[in-house]
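These notes are about the structure you will find just below.
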Amino acid sequence: MAILLLADHDAAGLAGQTARALTAALQIGGDVHILVAGVNARPAAEAASRLAGVAQVLLAETAAFEHALAEPLADLIVSLAPGYDTILGAATSTGKNVLPRVAALLDVAQVSDIVEVVSADTFKRPIYAGNAIQTVQATDATRVITVRTASFAATGEGGNAPIEPVEAVAACGLSRFVGETAPISDRPELASARVILSGGRALGSLEKFNERILPVADKLGAAVGASRAAVDAGYAPNDWQVGQTGKIVAPQLYIAVGISGAIQHLAGMKDSKVIVAINRDEDAPIFQIADYGLVADLFVALPELEKAL
Amino acid sequence: MKILVPVKRVVDFNVKIRVKPDGSGVDLQNVKMSMNPFDEIAVEEALRLKEAGKAEEVVVVSIGPAKAEETLRTALAMGADRAILVETDDAVEPLAVAKILKAVGEAEQPGLILLGKQAIDDDCNQTGQMLAALLGWGQGTFASKVELASDAVTVTREVDGGLQTVSLRLPAVVTTDLRLNEPRYASLPNIMRAKKKPLDRRTPADFGVATAARLRILRTEEPARRMAGVKVGSVAELVDRLRTEAGVL
Ligand SMILES: Cc1cc2nc3c(=O)[nH]c(=O)nc-3n(C[C@H](O)[C@H](O)[C@H](O)COP(=O)(O)OP(=O)(O)OC[C@H]3O[C@@H](n4cnc5c(N)ncnc54)[C@H](O)[C@@H]3O)c2cc1C
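Chains A and B, in that order, are what the protein sequence lines are. First residue of the first sequence? That's 1 in this note's numbering, and the numbers climb one at a time after it. First residue of the second sequence? That's 1001 in this note's numbering, and the numbers climb one at a time after it.
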């Protein structure tokens, strides 16, 4: 049967994570339909229709969908569900918010954060902050899944799927959008960056974080990440947090500076291709997984690195 | 208003778990167990709302083995008023947990249900959303700020692009993120006092909920292990190796 993939988008374009979740959907097998729900979201729907292997794009345009609130979006997906045996989305803050609500309304289990498709109903997923990998088989008639996008490459363009409008559902009035912070930087996105430079508690202040980390990140063309300790202390915004409860990333190069390597941090970056750690404590646990370790004071090493690049 | 706070007993966040060599699961013999850190934050938030005069009673509920009583006693020692233990030795999936919590919610009629956004054992991040769906309530997930009024709650959520603020009609479900607050430690007198606070014992059957698993766990294995690499002597050597050896610069 068919697969429904919930798109992440900002109306003007499609999030890169949707192209990665599509790869998982295509591995599951079947006609893949991408659902774009929003306002003035035709450009995002067009981007979805260009992805290779997509059979159809469903475009739902009503004010209720503008901010991807879980309640109306879940009702919409449930209204479409009879046509699908698999409903999935990227494990983004939207997917994680909406899809469990869909699963409960359909009275089915959800398989969260899959990292591998074993077969149409069997998946691998990490548990205990990635310290164990479980293989689970879903037994319900409809499977609801979120996809850990760092584990799947993006599907490229080359498609030309038709875009069909879908009927909106009645507004439920349970929730109302109040506001959001504007995206603060024009840096590469963590989720898709080729290089990530992350700073930890050792940076010591917001000023030093900005002064030491940002210029090096600029030279590297890198996205900037942070440990929970750095975010909690206000050195970096919450959406830079990498880890079990932050973003899960797998760039070509991950550089951890002044980060000790707690399991919760490793959970978010240990699948990176090359890991570099800079820490002045030679016994810091981060060195146990680093390909290249430099025992040094970051306040000396970072300026040197900036010059050497 | 009454606030209901579901809490889960999980492996302590400091424990490095071991996978059983036969692939049958994770070895939980003799490891330290604690309250799920996110749930601790939920308990703390409920207590602060009560202390601010916005709620009258904080009720904690746990679904789990007899030992989950310890987790409930911890919450009572922090300041919760009473507890409900829904006892089962089965591994209960989020959907069944949500169904039990729905029944508890219908019996208790809270104005707000506050719980952790995910449990650090199965890392599912589902229960709050499922509970909100089953009750037909609004949901404010991944909260870093909660402002409670008499008929609505305003929730600031940590999302991929930064922060999003939503307003939910009450009753509602809110799931907590790490930066909502820093939970208090229970004092010794409060730990003693908590032993005498009321704890109601129930079973999933009391609520007519079947806990049979919908997901079949076929295997649990170690993740691919990463080997420690080399230590480099200088920044110059690091850059050189990243360019020539690793080819990532
Ligand atoms: C439920 C839960 C979820 C969590 N989720 C996450 C998560 O998603 N992401 C996350 O990161 N953490 C998470 N944590 C927190 C985690 O356990 C650690 O507390 C955190 O990662 C530590 O951050 P850090 O490495 O920056 O700080 P620290 O552990 O304090 O490490 C600082 C490091 O800097 C080094 N250092 C100090 N000065 C210098 C210097 N001048 N030059 C070089 N090195 C220096 C030190 O040697 C030390 O290794 C979570 C915790 C819990 C309980």
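For each residue, glycine too, the CB sits at the ideal point set by N, CA and C.
Coil, strand or helix - residue i by DSSP
i: Tyr84 (chain A); result: strand
i: Arg1219 (chain B); result: strand
i: His67 (chain A); result: coil
i: Thr62 (chain A); result: coil
i: Gly1128 (chain B); result: helix
i: Arg1201 (chain B); result: strand
i: Val78 (chain A); result: helix
i: Ala1096 (chain B); result: helix
i: Gln307 (chain A); result: Reading off the sequence shown, one finds Lys at residue 307 (chain A), where the question assumed Gln. In this structure, Lys307 (chain A) counts as helix in the three-state DSSP scheme.
i: Val1248 (chain B); result: coil
i: Ile1041 (chain B); result: helix
i: Ser1024 (chain B); result: coil
i: Gln1118 (chain B); result: coil
i: Phe1013 (chain B); result: coil
i: Ala1172 (chain B); result: strand
Range of the contiguous alpha helix (DSSP H) that encloses residue i
i: Val195 (chain A); result: It is not in any alpha helix (DSSP H) - Val195 (chain A) instead sits in the beta strand (DSSP E) that spans 195-199.
i: Ala1077 (chain B); result: 1068-1078
i: Asn1036 (chain B); result: Counting along the chain, Asn1036 (chain B) falls outside any alpha helix (DSSP H), and DSSP gives it neither H nor E.
i: Thr92 (chain A); result: Element bounds for Thr92 (chain A): n/a, residue is neither H nor E.
i: Thr23 (chain A); result: 16-28
i: Asp1240 (chain B); result: 1235-1244
i: Ser49 (chain A); result: 42-49
i: Pro1006 (chain B); result: Unbroken run through Pro1006 (chain B) is the beta strand (DSSP E), 1002-1006; no alpha helix (DSSP H).
i: Ile1191 (chain B); result: 1188-1194
For residue i, the first and last residue of its enclosing beta strand (DSSP E)
i: Thr122 (chain A); result: 122-127
i: Ala1083 (chain B); result: 1082-1087
i: Val111 (chain A); result: 110-114
i: Arg1157 (chain B); result: 1152-1159
i: Ile133 (chain A); result: 132-138
i: Phe287 (chain A); result: Where Phe287 (chain A) is concerned, there is no enclosing beta strand (DSSP E), given that its DSSP letter is neither H nor E.
i: Glu1147 (chain B); result: 1138-1148
i: Val1209 (chain B); result: Taken as a continuous stretch (DSSP letters only), Val1209 (chain B) belongs to no beta strand (DSSP E), as it is neither H nor E.
Residues near residue i in its chain [Cβ-Cβ closer than 8 angstroms; skip 5 each side]
i: Thr23 (chain A); result: Phe152, Ala153, Ala154, Thr155
i: Pro1065 (chain B); result: Arg1009, Glu1087, Thr1088, Asp1089
i: Gly159 (chain A); result: Ser49, Arg50, Leu51, Ala52, Gly53, Val54
i: Val111 (chain A); result: Phe123, Arg125, Val136, Ala138, Arg143, Val144, Ile145, Thr146
Chain B residues whose Cβ lies nearer than 7 angstroms to that of residue i
i: Phe287 (chain A); result: Ala1228
i: Asp232 (chain A); result: Arg1179
Residues that residue i contacts on chain B, provided the C-beta gap is smaller than 9 angstroms
i: Thr139 (chain A); result: Ala1213, Arg1214, Leu1215, Arg1216
i: Ala103 (chain A); result: Pro1094, Leu1095, Gln1126, Gln1129, Met1130, Ala1133
i: Val108 (chain A); result: Leu1095, Arg1214
i: Pro113 (chain A); result: Pro is not the amino acid found at residue 113 (chain A); the sequence shown has Asp there. What Asp113 (chain A) touches in chain B: Asp1123, Cys1124, Asn1125.
Beta-carbon proximity list for residue i, same chain, < 7 angstroms, skipping 5 on both sides
i: Ile1100 (chain B); result: Ile1063, Val1086, Pro1204, Phe1207, Val1209
i: Gln1164 (chain B); result: Arg1157
i: Glu1108 (chain B); result: Lys1002, Leu1004, Val1059
i: Arg1201 (chain B); result: Leu1085, Glu1087
i: Ala301 (chain A); result: Ile278, Leu294
i: Leu26 (chain A); result: Val32, Gly53, Thr155
i: Arg42 (chain A); result: Leu59
i: Leu1095 (chain B); result: Met1130, Arg1214
Under 9 angstroms from the C-beta of residue i: neighbouring residues of chain A
i: Leu1180 (chain B); result: Residues of chain A passing the Cβ test: none, with the nearest at roughly 11 angstroms.
Neighbour flag for residue i against chain D, beta carbons, 8 angstroms
i: Glu1222 (chain B); result: Of the protein chains in this structure, namely A and B, none is chain D.
Chain-ordered chain A contacts of residue i [CB-CB under 8 angstroms]
i: Leu1004 (chain B); result: The contacting residues do not exist; Leu1004 (chain B) stays about 17 angstroms from chain A at best.
i: Glu1051 (chain B); result: Going along chain A, no residue has its Cβ under 8 angstroms from Glu1051 (chain B), so there is no contact; the nearest lies around 23 angstroms.
i: Ser1144 (chain B); result: Asn238
Contacts that residue i makes with chain B (C-beta to C-beta distance below 8 angstroms)
i: Pro43 (chain A); result: Chain B residues near Pro43 (chain A): none, gap ~18 angstroms exceeds 8 angstroms.
i: Arg228 (chain A); result: Leu1178
i: Leu69 (chain A); result: Val1166
i: Ala81 (chain A); result: Result: empty, since nearest Cβ-Cβ is about 13 angstroms, beyond 8 angstroms.
Close-in-space but distant-in-sequence residues of the same chain around residue i (CB under 6 angstroms, 5 per side omitted)
i: Leu1134 (chain B); result: Ala1098, Lys1102
i: Val1173 (chain B); result: Ile1113, Gly1128, Leu1131, Ala1132, Trp1137, Gln1139
i: Ala1042 (chain B); result: Val1005, Leu1114, Leu1115, Gly1116, Thr1176
i: Thr92 (chain A); result: Asp8, Gln17
i: Asp1081 (chain B); result: Glu1057, Val1058
Interface partners of residue i on chain A, CB under 7 angstroms
i: Asp1160 (chain B); result: Thr92, Ser93, Asp239
i: Val1026 (chain B); result: Tyr128, Ala132
Return the chain-ordered ranges of every beta strand (DSSP E) run that is complete within the region 150-180 of chain A and spans a minimum of 3 residues.
-> 163-165, 175-180
Whole beta strand (DSSP E) runs in the region 208-282 of chain A with 3 or more residues, listed along the chain?
-> 223-226, 253-257, 274-279
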